[in-house]
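In the numbering used here, the protein residues as written are -12 to 253.
Structure below.
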């Protein structure tokens, strides 16, 4: 695909206008800017901060896809998403999903039970940390029928990252305030979104170490990867995992994910 310079310039007009853009207008401007550079099927923009429920800022999904990519995702699966964990680390730049995914992600129960429903060939995200401890992630998605982004396309999008960063800093720099308001509204309620995962582990009576290991298992990390991340022996990881399975009365990762998601809903 050739760069459509005229389309890019037209898409930039709203971003440099005198009035601030709302979420819909900002998302549409981003979509149009990227459409001048590469072909994609979907755009979705989320804001993340710590363990809080992500804020959906913009998407191009029809109703059925919105249910999978946004509504279902916000209900709990986001806690196992590589994009979510990268956003929490406040890493900046543009990344392919496969760069960020754990070593067993594509064979994990999370992938089979949730992510495979998206039917994506590839997802690329622009990660932009902003004020207030939040990170805005602007994702470009391609369906299986479209195929993955080529290296040339990815390089072109990577060159556009400074433009995207400046754009986000202009239109979504105060997104942290929205998280503050949501936290204030939820304060005192037992279902405060920022503590959802912690509540699951407490309800299941897991120790802090067991919870850390099981979270990584659900994200798609192997025992070896978990050991490296937590600086413990692989054998120790396996012992903790067996203990958790025995404590919960389960024998498989699919049962583990089912228990996790069921408890997130409570």
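Even glycine gets a Cβ: it sits at the ideal position worked out from N, Cα and C.
Subject >> Start-to-end residues for the beta strand (DSSP E) that takes in residue 29 >> reply: It spans 29 to 35 - the beta strand (DSSP E) in which residue 29 sits, taken as one unbroken run.
Original post:
Would DSSP call residue 108 helix, strand or coil?
Top reply: If DSSP states are grouped into helix, strand and coil, residue 108 belongs with the strands.
Original post:
Do you know how far the Cα of residue 159 is from the Cα of residue 13?
Top reply: Each residue's Cα considered, the two are about 9 Å apart.
Original post:
Going by beta carbon distance, what residues of the same chain come within less than 8 Å of residue 238, once the five residues before and after it are set aside?
Top reply: Same-chain partners within the cutoff: 232.
Original post:
Would the segment 123 to 131 and the segment 27 to 40 be scored as touching if the rule is three or more Cβ pairs under 8 Å?
Top reply: A contact exists between the segment 123 to 131 and the segment 27 to 40.
Subject >> Per DSSP, the bridge partner or partners of residue 127 >> reply: BP columns for residue 127 point to 30, 111.
Original post:
Is residue 241 buried or exposed, if buried means 16 or more other CB atoms sit within 10 Å of its CB?
Top reply: When all chains shown are included, residue 241 counts as exposed.
**OP:** Tell me where the beta strand (DSSP E) around residue 209 begins and ends.
**Re:** Counting along the chain, residue 209 falls outside any beta strand (DSSP E), and DSSP gives it neither H nor E.
Original post:
Excluding five sequence neighbours on each side, which residues of the same chain lie with their C-beta closer than 8 Å to the C-beta of residue 200?
Top reply: Cβ neighbours of residue 200 beyond the five flanking positions: 213, 217, 224, 227, 228, 231.
Subject >> Segment limits, alpha helix (DSSP H) that includes residue 119 >> reply: It is not in any alpha helix (DSSP H) - residue 119 carries neither H nor E in the DSSP assignment.
Subject >> Close-in-space but distant-in-sequence residues of the same chain around residue 96 (CB under 6 Å, 5 per side omitted) >> reply: Residues 240, 241, 244 of the same chain have their beta carbon placed closer than 6 Å to that of residue 96, with the five preceding and five following residues left out of the count.
Original post:
Residue ranges of each alpha helix (DSSP H) run of no fewer than 4 residues wholly in the segment 146 to 173, ordered along the chain?
Top reply: 148 to 158, 162 to 173, all fully within the segment 146 to 173.
**OP:** Would you mind giving the Cβ-Cβ distance between residue 76 and residue 106, rounded to the nearest angstrom? I have them listed as a contact below 8 Å.
**Re:** In this structure residue 76 does not touch residue 106 by the C-beta definition: roughly 28 Å separates them, more than the 8 Å allowed.
Subject >> Buried/exposed call for residue 81, threshold 16 Cβ in 10 Å >> reply: The residue is buried, with at least 16 neighbouring Cβ atoms inside 10 Å.
Original post:
Do you know whose CA, among 27, 43, 156, lies nearest residue 11's CA?
Top reply: When only C-alpha atoms are compared, the closest one is 43.
**OP:** Provide the residue(s) that pair with residue 43 in DSSP beta bridges, ordered along the chain.
**Re:** 33.
Original post:
What's the gap between the Cα of residue 110 and the Cα of residue 103?
Top reply: The straight-line gap separating the alpha-carbon atoms of residue 110 and residue 103 is approximately 12 Å.
Original post:
Straight-line CA distance for residue -3 to residue 101?
Top reply: Roughly 37 Å separates the two Cα atoms.
Original post:
How is residue 179 classed by DSSP in three states: helix, strand or coil?
Top reply: For residue 179, the predicted model reports a pLDDT of 47, less than 50, meaning its position is unreliable and no value from the coordinates is stated.
Subject >> residue 78 - DSSP class collapsed to helix/strand/coil >> reply: Residue state, collapsed to three classes: coil.
**OP:** List the whole-angstrom C-beta distance separating residue 164 from residue 119, where the pair is believed to meet the contact cut-off of C-beta under 8 Å.
**Re:** Between residue 164 and residue 119 a beta carbon distance of about 6 Å is seen, short of the 8 Å cut, so the two are scored as contacting.
**OP:** Look at the Cβ atom of residue 25, then the Cβ atom of residue 150, and state whether they are nearer than 8 Å.
**Re:** No; because the gap between Cβ atoms is not below 8 Å, this pair is not in contact.
Original post:
How many angstroms separate the CA atom of residue 23 from the CA atom of residue 59?
Top reply: Cα to Cα, residue 23 sits roughly 30 Å from residue 59.
Subject >> Rounded C-alpha distance that separates residue 112 from residue 134 >> reply: Looking at the two C-alpha atoms, the distance is approximately 16 Å.
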